[in-house]
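Okay, so here's the structure we're looking at.
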Amino acid sequence: MSEFDLPIDATSPSSMFQMPEPLYLPIPQETIYEVAFSMAMAEHVSEDDLEGFLLQFDITPIQFANLSSSPIYARALAEAKAFIKENGANRGFKVRARYYVERLVDDMYKMARDKGTDPSLRLKMFETLAKYADVDPSADKKGKEGASGTVINISVGQGIRGISDMPTVVIDNGGA
């Protein structure tokens, strides 16, 4: 009988076929920030609700246990809590949207600076970044065009000779 004919007991500790530890897929970094923000908004998730809470992010409780001990998650959670404290949690959707937009600004800038990005998309990203930074020159032009120029109100008392019966005359130069 050769060594290949021997039966091998895979369950014995002395076996050379030890089962490896389970593999856990890493959680994408953007998901870490989403989980951290949602956890900060919820403030506390009971153990019973945790599995359902994590299901919306496709994360298992074991992955979350590993994530919870991560310094990246701890920093993301601290940032989210500080953001919510500063901006208030009572506005819900707007706070969440603002948080995510602020997280995407770096990516937008990298794409806008990349010469391989479509020129029209690069322009749109630069315009969007300028709008977010409140330095968009076109917004200043629009604001000035929307306001009318000089408006003159002339109140004329009734009964003055040679002037119509109209009590008020308005002259608007149309914003010029």
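Numbering (the numbering used here), first residue to last: 1275 to 1450.
For glycine and all other residues, C-beta sits at the position ideal for the given N, C-alpha and C.
The structure presented is a predicted model; accordingly, all values stated were derived computationally and were not measured.
Where residue i falls: helix, strand or coil (DSSP)
i: Asp1381; result: helix
i: Ala1386; result: helix
i: Glu1360; result: helix
i: Asp1392; result: coil
i: Asp1408; result: coil
i: Ile1301; result: coil
i: Asp1332; result: coil
i: Glu1376; result: helix
i: Ser1320; result: coil
i: Ser1344; result: coil
Residue i vs residue j beta-carbon contact at 8 angstroms
i: Tyr1406; j: Val1369; result: no
i: Ala1354; j: Tyr1374; result: no
i: Ile1333; j: Ile1301; result: yes
i: Val1319; j: Phe1327; result: yes
i: Ile1358; j: Ala1314; result: yes
Inspect the CB distances between the segment 1372 to 1390 and the segment 1333 to 1345 and report whether three or more fall short of 8 angstroms. no
With a cut-off of 8 angstroms, do at least 3 Cβ pairs link the segment 1305 to 1315 to the segment 1348 to 1367? yes
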